[in-house]
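Engineer: One structure follows; several queries about it will come next.
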Amino acid sequence: MTDPDEPINPAFRVPEKVLAAKSGDGGGGQGSGPDSSAASSRNSSSKTTHGARETPHQSRPAPARKLTPPIFICLCALIVGLILFFQTPDISQEIDLPKDTPFVKSFQSSSSISSTSSTQKELLPEPTAKMSTEQTFIAIKPDGVQRGLIGPIVSRFENRGYKLVAIKLMSPSKEHLEAHYADLKEKPFFPGLIQYMLSGPICAMVWEGRDAVKTGRTLLGATNPLASAPGTIRGDFAIDVGRNVCHGSDSVENAKKEIALWFKEGDLVSYKASQFDWIYEKA
């Protein structure tokens, strides 16, 4: 305890400014007067605000997103560019660009290429069906004639829709047959083939129609009857390759050669079959 009558050391004396400040605050921090009430109201409102922000269960609506000016300007520029691209045939005239600029040159070249391609498509002829006047040579060999198969074989071609323009029954010479099978002259079975073809009469025919050569071979079947499908001539009427009933041209070029070998000029008859319009949609 200090003696109240003892003088205070100046080093421990409180400055008068500090005492005045404390007295202005209302004595030791107790709020009083208008300044203290205003300060307390501010503190309470601040606490209320902070309390509202810190409430975990309170939700606030998300602000609506708006297009920023750069994105909006880009969209407008894109729309204007598309309108100019699709509505202006000559872009250099519409926006007053010089003809020699790279952009205009590239645009004009692409336009000319597209117009050229469309023009070429218009000028190209439409694909047409194969001609209905193709001819093929068909011969019924001696075994087919002897077995009475001329009628059934003729019926196969007629029922398919092909037109018979020449037919004759003949006994060709050895030289004639050797000329017909000249491409097989080096084969070991060539002598036996010639003897077989000389053994009886042969029925030579010319059939006409669309894709006659290829379809004629299909009607005949494979060279080996055992490999021929049922429904073909050889598949139905033959078993042995050495007795395969008939012969048919294997190409359009060979058909022309064989027809010229077996028939004279004027032997082929040109006419329009009555069922032609019922077989072909277009001639």
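Per this note's numbering, the very first residue in the sequence shown carries number 1; after that it's consecutive. All C-beta atoms in this analysis are idealised placements derived from N, C-alpha and C, irrespective of residue type, glycine included.
1. What's the C-alpha gap between residue 132 and residue 266?
2. In the DSSP assignment, the beta strand (DSSP E) including residue 163 goes from what residue to what residue?
3. Determine the DSSP secondary structure at residue 239, reduced to helix, strand or coil.
4. Measuring alpha carbon to alpha carbon, tell me which of 209, 206 and 244 ends up nearest residue 223.
5. Where does residue 45 sit, in a helix, a strand or coil, going by DSSP?
6. Quick one: is residue 135 buried, meaning 16 or more other Cβ sit within 10 Å of its Cβ, or exposed?
7. By a C-beta neighbour count over all protein chains shown, 10 Å radius and 16 as the cutoff for buried, is residue 205 buried or exposed?
8. List the DSSP bridge partners of residue 232.
9. Check for me: the beta strand (DSSP E) holding residue 136 runs from which residue to which?
10. If contact is defined by three or more beta carbon pairs under 8 Å, each pair taking one atom from either stretch, is the stretch 257–265 in contact with the stretch 225–239?
11. Does the distance from the C-beta atom of residue 153 to that of residue 167 stay below 9 Å?
12. According to the neighbour-count rule (16 or more other Cβ atoms, all chains shown, within 10 Å of its Cβ), is residue 249 buried or exposed?
13. I need the boundaries of the beta strand (DSSP E) containing residue 208, first residue and last residue.
14. Output yes if chain D places a C-beta closer than 9 Å to the C-beta of residue 248; else output no.
15. According to the neighbour-count rule (16 or more other Cβ atoms, all chains shown, within 10 Å of its Cβ), is residue 277 buried or exposed?
16. Would you call the stretch 194–208 and the stretch 144–158 touching, i.e. three or more CB-CB distances under 8 Å?
17. So for residue 248, helix, strand or coil by DSSP?
18. Tell me whether residue 238 is buried or exposed, calling it buried when 16 or more other Cβ atoms sit within 10 Å of its Cβ.
19. Does the beta-carbon of residue 283 have 16 or more other beta-carbons within 10 angstroms, so that it is buried, or is it exposed?
20. On the criterion of 16 or more Cβ atoms from any shown chain inside 10 Å, does residue 188 qualify as buried, or is it exposed?
21. Since residue 155 is in the alpha helix (DSSP H), which residue starts that stretch and which ends it?
22. Kindly indicate which three-state DSSP category residue 174 falls into: helix, strand or coil?
23. Quick check: what's the CA-CA separation for residue 145 versus residue 201?
24. Near residue 273, which residues of its chain fall below 7 Å by C-beta distance, leaving aside the five closest residues on each side in sequence?
25. Rounded to whole angstroms, what's the CA-CA distance from residue 233 to residue 242? Just pull it up for me.
Structural biologist: Answer, in terms of the structure:
1. For this step, residue 132 is matched to residue 132 along the sequence shown. For this step, residue 266 is matched to residue 266 along the sequence shown. Inter-residue distance for residue 132 and residue 266 is about 20 Å (C-alpha atoms, whole angstroms).
2. By 1-based counting over the sequence shown, the position of residue 163 is 163. For residue 163, the enclosing beta strand (DSSP E) starts and ends at 163–170.
3. Position 239 of the sequence shown holds residue 239. It is coil, neither helix nor strand.
4. Reading the sequence shown from its first residue, position 223 is the one you call residue 223. Minimum Cα distance to residue 223 is reached at 244.
5. By 1-based counting over the sequence shown, the position of residue 45 is 45. Confidence at residue 45 is low in this model, with a pLDDT of 46, below 50, so its placement is unreliable and no value can be given for it.
6. The residue labelled residue 135 in the question sits at position 135 within the sequence shown. The residue in question, residue 135, is buried, as its Cβ has 16 or more Cβ neighbours within 10 Å.
7. Locating residue 205 in the sequence shown gives position 205, counting from the first residue. By the 16-neighbour rule on beta-carbons within 10 angstroms, residue 205 is buried.
8. Reading the sequence shown from its first residue, position 232 is the one you call residue 232. Paired residue(s): 230.
9. Here residue 136 refers to the residue found at position 136 of the sequence shown. Where residue 136 is concerned, the enclosing beta strand (DSSP E) starts and stops at 135–140.
10. Contact annotation: the stretch 225–239 does not touch the stretch 257–265, with fewer than three C-beta pairs closer than 8 Å.
11. Taking the sequence shown and counting its residues from 1, one reaches residue 153 at position 153. Taking the sequence shown and counting its residues from 1, one reaches residue 167 at position 167. Result no, Cβ atoms of residue 153 and residue 167 do not sit closer than 9 Å.
12. Here residue 249 refers to the residue found at position 249 when the sequence shown is read from its first residue. When all chains shown are included, residue 249 counts as buried.
13. Working through the sequence shown from its first residue, we reach residue 208 at position 208. In the DSSP annotation of this structure, the continuous segment of the beta strand (DSSP E) that includes residue 208 starts and ends at 202–208.
14. The structure shown contains no chain D, having only a single protein chain.
15. Here residue 277 is taken as the residue at index 277 of the sequence shown, counted from 1. Under this definition residue 277 is an exposed residue.
16. The count of Cβ pairs closer than 8 Å, one atom from the stretch 194–208 and one from the stretch 144–158, reaches three, so the stretches are in contact.
17. Position 248 of the sequence shown, counted from the start, is the residue given in the question as residue 248. Looking at residue 248 - three-state DSSP - the assignment turns out to be strand.
18. For the purposes of this step, residue 238 is taken as the residue at position 238 of the sequence shown. So residue 238 counts as buried.
19. Along the sequence shown, read from residue 1 onward, the residue named residue 283 stands at position 283. Taking a 10 Å sphere around the C-beta of residue 283, we find fewer than 16 other C-beta atoms and assign the residue as exposed.
20. For this step, residue 188 is matched to residue 188 along the sequence shown. The residue in question, residue 188, is exposed, as its Cβ has fewer than 16 Cβ neighbours within 10 Å.
21. Counting from 1 along the sequence shown, the entry for residue 155 is found at position 155. Per DSSP, the unbroken alpha helix (DSSP H) holding residue 155 starts and ends at 150–160.
22. Counted from its first residue, the sequence shown places residue 174 at position 174. It is helical.
23. As a working mapping, residue 145 is identified with position 145 in the sequence shown. As a working mapping, residue 201 is identified with position 201 in the sequence shown. In a straight line, the C-alpha of residue 145 is about 7 Å away from that of residue 201.
24. By one-based count along the sequence shown, residue 273 stands at place 273. Closer than 7 Å at Cβ, skipping near neighbours: 163.
25. On the sequence shown, residue 233 is found 233 positions in, with the first residue counted as 1. On the sequence shown, residue 242 is found 242 positions in, with the first residue counted as 1. Between residue 233 and residue 242, the alpha-carbon positions lie close to 15 Å from each other.
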